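Engineer:
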Amino acid sequence: MKVSDYLTLEHVVLLTGTTKADALDELVSTADDFSKSISIEELRHAVWEREKMMSTGIGQGLGIPHVRLPGLPNAAMAVGVSRAGIADYESLDNQPVHIIVLIAAPQGKHEIYIRLLAKVANVLKQDDVRKAIAEAGEPAEVYRILNEGKV
Amino acid sequence: MTPAIAVLLAQAPLPTLLVIGLAILFGTIGAKIFQKLHIPQVVGYIAIGVAVGQSGLGVISKEVVGNLEPFCFFALGIIGFMIGGELHRDVFKKYGRQFIAILFAEGIGAFLTVSILISGVGMLLGMGPAESIALGIVFGSIASATAPAATTSVLWELKTRGVLTTAIFAVIALDDALALIMFSIAASIAGKIIHSGSGGIMAALGHAGYELFGAAVLGIAVGFILNFVLRRLRDRDKSLAFIIGAMALVIGLTMALDLSMILAAMALGVTLANLAPRRSRETFNLVERFTPPIYVLFFVIVGARLHIQNMQPWMWILVVPYLVGMGSGKIIGAYLGARWTNAAPVIRKYLGICLFSQAGVAVGLSLIADKEFHDTIGPIIIAIIAAATFIAEIIGPPCVKFAVKKAGEVGLNVTEEDLMLSYNAGDMLDRELPSFAENTTLTNILRTIAETDAMSYPVTDADGKLTGIITIDELKRTFVAEGLTDWLLAFDLMRPVPDTVTVQTPLDEAVTRMREQELEYLPVIAAEGDTHLAGMLELAAVNRSLSREVLRRQQLADG
Chain A
3 MKVSDYLTLE
13 HVVLLTGTTK
23 ADALDELVST
33 ADDFSKSISI
43 EELRHAVWER
53 EKMMSTGIGQ
63 GLGIPHVRLP
73 GLPNAAMAVG
83 VSRAGIADYE
93 SLDNQPVHII
103 VLIAAPQGKH
113 EIYIRLLAKV
123 ANVLKQDDVR
133 KAIAEAGEPA
143 EVYRILNEGK
153 V
Chain B
60 MTPAIAVLLA
70 QAPLPTLLVI
80 GLAILFGTIG
90 AKIFQKLHIP
100 QVVGYIAIGV
110 AVGQSGLGVI
120 SKEVVGNLEP
130 FCFFALGIIG
140 FMIGGELHRD
150 VFKKYGRQFI
160 AILFAEGIGA
170 FLTVSILISG
180 VGMLLGMGPA
190 ESIALGIVFG
200 SIASATAPAA
210 TTSVLWELKT
220 RGVLTTAIFA
230 VIALDDALAL
240 IMFSIAASIA
250 GKIIHSGSGG
260 IMAALGHAGY
270 ELFGAAVLGI
280 AVGFILNFVL
290 RRLRDRDKSL
300 AFIIGAMALV
310 IGLTMALDLS
320 MILAAMALGV
330 TLANLAPRRS
340 RETFNLVERF
350 TPPIYVLFFV
360 IVGARLHIQN
370 MQPWMWILVV
380 PYLVGMGSGK
390 IIGAYLGARW
400 TNAAPVIRKY
410 LGICLFSQAG
420 VAVGLSLIAD
430 KEFHDTIGPI
440 IIAIIAAATF
450 IAEIIGPPCV
460 KFAVKKAGEV
470 GLNVTEEDLM
480 LSYNAGDMLD
490 RELPSFAENT
500 TLTNILRTIA
510 ETDAMSYPVT
520 DADGKLTGII
530 TIDELKRTFV
540 AEGLTDWLLA
550 FDLMRPVPDT
560 VTVQTPLDEA
570 VTRMREQELE
580 YLPVIAAEGD
590 THLAGMLELA
600 AVNRSLSREV
610 LRRQQLADG
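Protein sequences, first through last, are from chains A and B.
If you count by the numbering used here, then the first sequence holds residues 3 to 153, one letter each, in order.
If you count by the numbering used here, then the second sequence holds residues 60 to 618, one letter each, in order.
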């Protein structure tokens, strides 16, 4: 499974917002072409429904909001990087979040959904990869590191 | 009455097909009403027949009954065939000696008591001693017959199984043959006593032997051929066509050759059941599914043909000793036969009262008696047997029901399908199964399921309402991602609820829905419109429970 199958360069952004709400809003806005049949509002709603249950800040500066949507044709990702960090993300380790990876998958593609989550978690488990992404100056740099899975 | 109905009823006789339709429709309704009153369905069919037949409204006229005669023979053939299917080799091996002894004891018991009572009453009524004794022994021999149709109908309705049920099947299967032999002897002796009738004992016995032996040979021969054909046929519809064809052939041949119809059909059933015990089960199941409307119509006609208006009041004086003698003779005879052969206590106590029904064979023998003794006792025999069978057909089935209930054999011959019809989803659901809140982490889910053996788990929201299902399949896929277990939630893993049933939904409907949607599970909610979860229904667990229950009942029945 390759990250590039699900992530395009257009969906990688350097975040300007410093709150969880702004950051997620910014990231969701880049995902307006995930599907014609799903509006940005629906995606935002689904993301926040999930966040209400438990924050997707999984620690080590990572946030992985993930949703499944019935009308989505394929799984897709969007990545936002905040050099300053988002302090109110409510991470498991209470540290600010620097990298947010939004994963949206169709309702029925359970296997792809789980594998994609696992892939992202595995790549970002590496300290040097996380550090390089958080400090990257360009979306293209972030995209390259994520795809290669190494610095 | 609307003009259309008036015009229809004014037609005499009603078109046969219309009668068939009406008979099945009203017979079924009558049976339902009687079932509600805890009276066997068969009594309902017969009662409807009596109401619309020659003793009642006359809607089913003598002519229509005549038109439907071949159909009745066919129904009798099916009943004989099905009884034959119950008689497996191992039953004969295990109980053969016992059942033969009981058969002779109850047959001779009925013969002796009826002979003595009728002869006595005959003399009291002023008949001569010779005529009274002749009348007594002819009635006695007829009394030994038992109608298999109404009796087995109750056994099948109540899904009975056990040693009493087996004994009933065996005894009624052979009972008519015994009646035929006894009648042949009795009629010859009666002929000698009152210097009437034709031929001697040997000639009469010879004819009875021909009737019985010929029927057995015919049934067995066709059974071998049918078994040969069925072994090569895979198509169920074609199999059914062949079975029905073979049955019609056997019945037709018995009519043409003057053989015992029911015995030939039984021989056909016994042959099939014993040549291929496992495969023939399917054959009998096929025929069984085809039979309900035939049975309904048959018993409605049985009721419709009962004709009791012409009875002279004094004749009823003979009906009572006949019935009392038949009943007590069979009870005492069966009891003694069972005691001598150390049969099970339930056979000793209850077999006799299961043998009260009388119909086709008794009436048939009375017709022969009328022919033989037309100028003397013949007409009395016909009238009294008609009245006695009328009563026996009504009281026989409830007696069978009473006996098998007392013997604890009701509901023991069930299949998983039968059981399914008697349960609701609520009876089978796993109420102890853990359900997960939407925000339960994968770590906690895995910890919990390690202690259960279910394959699917419900997910509920904060209000306890069902929102999704997690199956073992989904959980298996998470094994690729060990690092996810702390932050993946039930919400992330659950699949949408495919369908739900309520606790009141019949189990067979729930299982059908699972099979149609290829689901292994189905969430059960408290009530329609209430999404609060009551539990989960798992197909594998339902099948396990049903198999266990069928086995339990079989073991209970087989001791």
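Even for Gly, the Cβ is constructed at its ideal location relative to N, Cα and C.
If you're wondering where the values come from, they're calculated on a predicted model, not measured in any experiment.
Any beta-carbon of chain A closer than 7 angstroms to the one on Gly523 (chain B)?
Structural biologist: As a working mapping, residue 523 (chain B) is identified with position 464 in the second sequence. So no, Gly523 (chain B) is outside the interface.
Engineer: Going along the segment 109 to 132 of chain A in order, which residues come within less than 9 angstroms of chain B, judged by CB to CB distance?
Structural biologist: Per Cβ criterion, the list reads Gln109, Gly110, His112, Glu113, Tyr115, Ile116, Arg117, Leu119, Ala120, Lys121, Ala123, Asn124, Lys127.
Engineer: Note down the Cα distance separating Gly179 (chain B) from Ala204 (chain B), rounded to an integer number of angstroms.
Structural biologist: Locating residue 179 (chain B) in the second sequence gives position 120, counting from the first residue. Locating residue 204 (chain B) in the second sequence gives position 145, counting from the first residue. Taking the straight line from one Cα to the other gives about 21 angstroms.
Engineer: To the nearest angstrom, report how far apart Leu395 (chain B) and Ala249 (chain B) are at their CA atoms.
Structural biologist: Here residue 395 (chain B) refers to the residue found at position 336 of the second sequence. Here residue 249 (chain B) refers to the residue found at position 190 of the second sequence. If I take the Cα positions, the gap works out to 28 angstroms.
Engineer: Does any residue of chain A bring its CB to less than 7 angstroms from the CB of Glu579 (chain B)?
Structural biologist: Taking the first residue of the second sequence as position 1, residue 579 (chain B) is located at position 520. Answer no: the Cβ-Cβ gap between Glu579 (chain B) and chain A never drops below 7 angstroms.
Engineer: Looking only at its own chain, which residues have a Cβ that is under 8 angstroms from the Cβ of Ser48 (chain B), when we skip the five neighbours before and after it?
Structural biologist: Coverage of chain B is limited to positions 60 through 618, which leaves residue 48 (chain B) absent and any answer about it impossible.
Engineer: Looking only at its chain, what residues have a beta carbon closer than 8 angstroms to the beta carbon of Leu492 (chain B), apart from the 5 residues adjacent to it on each side?
Structural biologist: Sequence index remark: in the second sequence, residue 492 (chain B) carries index 433 (1-based). The residues are Thr511, Ala513, Tyr516, Pro517, Gly594, Met595.
Engineer: If contact means a Cβ-Cβ distance below 7 angstroms, which residues of the segment 66 to 91 of chain A contact chain B?
Structural biologist: Result list: His68.
Engineer: Do Glu497 (chain B) and Asp520 (chain B) have their beta-carbon atoms positioned less than 7 angstroms apart in this structure?
Structural biologist: As a first step, residue 520 (chain B) must be located in the second sequence, where it is residue number 461. As a first step, residue 497 (chain B) must be located in the second sequence, where it is residue number 438. In contact: Asp520 (chain B) and Glu497 (chain B) (Cβ atoms closer than 7 angstroms).
Engineer: In the DSSP assignment, find the unbroken alpha helix (DSSP H) run with Ala300 (chain B) in it and report its ends.
Structural biologist: The sequence position of residue 300 (chain B) within the second sequence is 241, counting from 1. Run containing Ala300 (chain B): 295 to 316, per the alpha helix (DSSP H) assignment.
Engineer: Which class does His147 (chain B) belong to by DSSP, given the choice of helix, strand or coil?
Structural biologist: Within the second sequence, the letter at position 88 stands for residue 147 (chain B). In this structure, His147 (chain B) counts as coil in the three-state DSSP scheme.
Engineer: Let me check understanding here. Comparing Cα to Cα, which of B:Lys152, B:Ala134, B:Ala236 lies closest to Ala421 (chain B)?
Structural biologist: Taking the first residue of the second sequence as position 1, residue 421 (chain B) is located at position 362. The shortest C-alpha separation from Ala421 (chain B) is found at B:Ala236.
Engineer: Candidates B:Leu322, B:Ile353, B:Ile302, B:Ala238: which alpha carbon is nearest Ser339 (chain B)'s?
Structural biologist: As a working mapping, residue 339 (chain B) is identified with position 280 in the second sequence. Nearest of B:Leu322, B:Ile353, B:Ile302, B:Ala238 to Ser339 (chain B), Cα basis: B:Ile302.
Engineer: Would you mind telling me which residues of chain B sit closer than 9 angstroms to Thr58 (chain A), beta carbon to beta carbon, in chain order?
Structural biologist: Position 56 of the first sequence, counted from the first residue, corresponds to residue 58 (chain A). Within 9 angstroms Cβ-Cβ: Trp546.
Engineer: Looking at the C-beta of Glu533 (chain B), does it have a partner C-beta in chain A at a distance below 7 angstroms?
Structural biologist: Translated into the one-based positions of the second sequence, residue 533 (chain B) becomes position 474. Yes, its Cβ sits closer than 7 angstroms to a Cβ of chain A.
Engineer: Which residues does DSSP list as the beta-bridge partners of Glu619 (chain B)?
Structural biologist: This structure cannot speak to residue 619 (chain B), because chain B is shown only from 60 to 618.
Engineer: Interface residues of chain B around Leu94 (chain A) at Cβ under 9 angstroms?
Structural biologist: Taking the first sequence and counting its residues from 1, one reaches residue 94 (chain A) at position 92. Residues of chain B passing the Cβ test: Asp545, Trp546.
Engineer: Answer with buried or exposed for Glu137 (chain A), where buried requires no fewer than 16 other C-beta atoms within 10 angstroms of its C-beta.
Structural biologist: Position 135 of the first sequence, counted from the first residue, corresponds to residue 137 (chain A). So Glu137 (chain A) counts as exposed.
Engineer: Taking 7 angstroms as the CB-CB limit, is Thr530 (chain B) close to chain A?
Structural biologist: Position 471 of the second sequence, counting from 1, holds the residue named residue 530 (chain B). No - not a single Cβ of chain A is within 7 angstroms of the one on Thr530 (chain B).
Engineer: If you pair each beta-carbon of the segment 185 to 192 of chain B with each one of the segment 74 to 94 of chain B, do three or more pairs fall below 8 angstroms?
Structural biologist: Cβ pair count under 8 angstroms is below three, so no.
Engineer: Using DSSP bridges, identify the partner residues of Ser515 (chain B).
Structural biologist: Here residue 515 (chain B) corresponds to residue number 456 of the second sequence, with the count starting at 1. Looking at the DSSP assignment, Ser515 (chain B) forms a beta bridge with B:Thr530.
Engineer: Please work out which residues of its chain come closer than 7 angstroms, Cβ to Cβ, to Ile444 (chain B), disregarding the five sequence neighbours upstream and downstream, and give them in chain order.
Structural biologist: As a first step, residue 444 (chain B) is located in the second sequence; it is residue number 385 there, counting from the start. Contacts found: Ile201, Ala421, Val422, Ser425.
Engineer: Scan the segment 28 to 57 of chain A for residues whose Cβ lies nearer than 8 angstroms to a Cβ of chain B and list them as they occur along the chain.
Structural biologist: Per Cβ criterion, the list reads Arg52, Met55, Met56.
Engineer: What number of angstroms, rounded off, separates the C-alpha of Lys408 (chain B) from the C-alpha of Ser416 (chain B)?
Structural biologist: The sequence position of residue 408 (chain B) within the second sequence is 349, counting from 1. The sequence position of residue 416 (chain B) within the second sequence is 357, counting from 1. Rounded to whole angstroms, Lys408 (chain B) to Ser416 (chain B) spans 18 angstroms at the Cα level.
Engineer: With a CB to CB cut of under 8 angstroms and the five nearest residues on each side skipped, what residues in its chain are close to Asp290 (chain B)?
Structural biologist: Here residue 290 (chain B) refers to the residue found at position 231 when the second sequence is read from its first residue. The question names Asp, but residue 290 (chain B) in the sequence shown is Arg. Same-chain partners within the cutoff: Ala335, Arg338.
Engineer: So is Arg611 (chain B) in contact with chain A if we call contact Cβ pairs under 7 angstroms?
Structural biologist: For the purposes of this step, residue 611 (chain B) is taken as the residue at position 552 of the second sequence. Chain A contact via Cβ: absent.
Engineer: Tell me whether Ile119 (chain B) sits in a helix, a strand or coil according to DSSP, three-state version.
Structural biologist: As a first step, residue 119 (chain B) must be located in the second sequence, where it is residue number 60. Ile119 (chain B): coil per DSSP, three-state reduction.
Engineer: Any C-beta of chain A sitting closer than 7 angstroms to the C-beta of Gly542 (chain B)?
Structural biologist: Taking the second sequence and counting its residues from 1, one reaches residue 542 (chain B) at position 483. At least one chain A Cβ lies under 7 angstroms of Gly542 (chain B).
Engineer: For Ala323 (chain B), which residues of its own chain have a beta-carbon under 6 angstroms away from its beta-carbon, when the five flanking residues on both sides are left out?
Structural biologist: Taking the second sequence and counting its residues from 1, the one referred to as residue 323 (chain B) is at position 264. Same-chain partners within the cutoff: Ala274, Leu277, Gly278, Val309, Thr313.
Engineer: I'd like to know if Ile101 (chain A) contacts chain B, where contact means its C-beta is closer than 7 angstroms to some C-beta of that chain.
Structural biologist: Walking along the first sequence from the start, residue 101 (chain A) turns up at place 99. No, no contact with chain B.
Engineer: To the nearest angstrom, report how far apart Ala402 (chain B) and Gln157 (chain B) are at their CA atoms.
Structural biologist: The residue given as residue 402 (chain B) occupies position 343 in the second sequence. The residue given as residue 157 (chain B) occupies position 98 in the second sequence. Computed Cα separation, rounded: 7 angstroms.
Engineer: On the criterion of 16 or more Cβ atoms from any shown chain inside 10 Å, does Glu140 (chain A) qualify as buried, or is it exposed?
Structural biologist: Stepping through the first sequence from its first residue, residue 140 (chain A) is reached at position 138. With fewer than 16 other Cβ atoms within 10 Å, it is exposed.
Engineer: Name the one or two DSSP bridge partners that His68 (chain A) has.
Structural biologist: Indexing the first sequence from 1 puts residue 68 (chain A) at position 66. Answer is A:Ile105, bridged to His68 (chain A).
Engineer: Could you name the residues of the same chain whose beta carbon sits closer than 6 angstroms to that of Asn76 (chain A), not counting the 5 residues immediately before and after it, in chain order?
Structural biologist: Translated into positions along the first sequence, residue 76 (chain A) becomes position 74. None.
Engineer: I need the straight-line Cα distance from Ile284 (chain B) to Ile240 (chain B), nearest angstrom please.
Structural biologist: Mapped onto the second sequence, residue 284 (chain B) falls at position 225. Mapped onto the second sequence, residue 240 (chain B) falls at position 181. Looking at the two C-alpha atoms, the distance is approximately 29 angstroms.
Engineer: Can you check which of these residues, B:Arg607, B:Phe287, B:Thr500, B:Ile353, is closest to Leu327 (chain B) by C-alpha distance?
Structural biologist: Working through the second sequence from its first residue, we reach residue 327 (chain B) at position 268. Looking at the Cα atoms, B:Phe287 is the closest of the given residues.
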